[in-house]
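Enquirer:
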Amino acid sequence: MTPAPPAESGTSQLSSASSRLTAALATATPDQLPLQAAASQGGLIDPAWTVLTLLGSRLDDQTIEATIGVLFTEIVGGCSCGEAPFSINGWCRLRLRIEGDHPPRWSLLPD
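Residue numbers (the working numbering): 32 to 142.
1. How long is the line joining the alpha carbons of P37 and S50, rounded to whole angstroms?
2. Please list, in chain order, all residues of the same chain as T94 whose beta carbon is under 6 Å from its beta carbon, the five residues on each side excluded.
3. Check whether the Cβ atoms of L127 and L139 lie closer than 9 Å to each other.
4. Between S46 and the rest of its own chain, which residues show a CB-CB distance below 8 Å, the 5 nearest in sequence each way excluded?
5. Tell me where the beta strand (DSSP E) around A97 begins and ends.
6. Over what stretch of residues does the beta strand (DSSP E) that includes L90 continue unbroken?
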């Protein structure tokens, strides 16, 4: 008869997944995210104003998959030489997938 795994293993796996997810969110930069596809006015994203929010996640043996809400500011160039650029706020949902030791993969979710 095989002994049951210690209770800490599930807790340890969850803790490790939580650490990996937290690290992926903390180190994500706007240029790593597919935000241009969500932009509506040309796709120039202001790197100083991007906010990520964890909307949900799931974990299996080797994969962490999360739905991330992203608030961002898009810089819109003027229509003529005399107009200064202005900014508009945008929102999208992204899927974050972390498999094993591979780097995180981001993809845009449909509205």
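Built from N, CA and C at the ideal position, the CB exists for glycine as well. As the structure is a prediction and not an experimental result, all values here were calculated from the model.
Expert: The short version:
1. Residue numbering aside, residue 37 sits at position 6 when the sequence shown is read from its first letter. Residue numbering aside, residue 50 sits at position 19 when the sequence shown is read from its first letter. Note on P37: pLDDT 49, under 50, position unreliable in the model; the coordinate value appears next. Roughly 21 Å between the two C-alpha positions.
2. As a working note, residue 94 is residue 63 in the sequence shown. Closer than 6 Å at the Cβ level, and outside the excluded window around T94, lie E130.
3. In the sequence shown, the residue the question calls residue 127 occupies position 96. In the sequence shown, the residue the question calls residue 139 occupies position 108. Not a contact, by the Cβ cut-off of 9 Å.
4. Taking the sequence shown and counting its residues from 1, one reaches residue 46 at position 15. Closer than 8 Å at Cβ, skipping near neighbours: no residue.
5. As a position in the sequence shown, residue 97 is number 66, starting the count at 1. Start and end: T94 to V107.
6. By 1-based counting over the sequence shown, the position of residue 90 is 59. Here the beta strand (DSSP E) through L90 covers L75 to L90.
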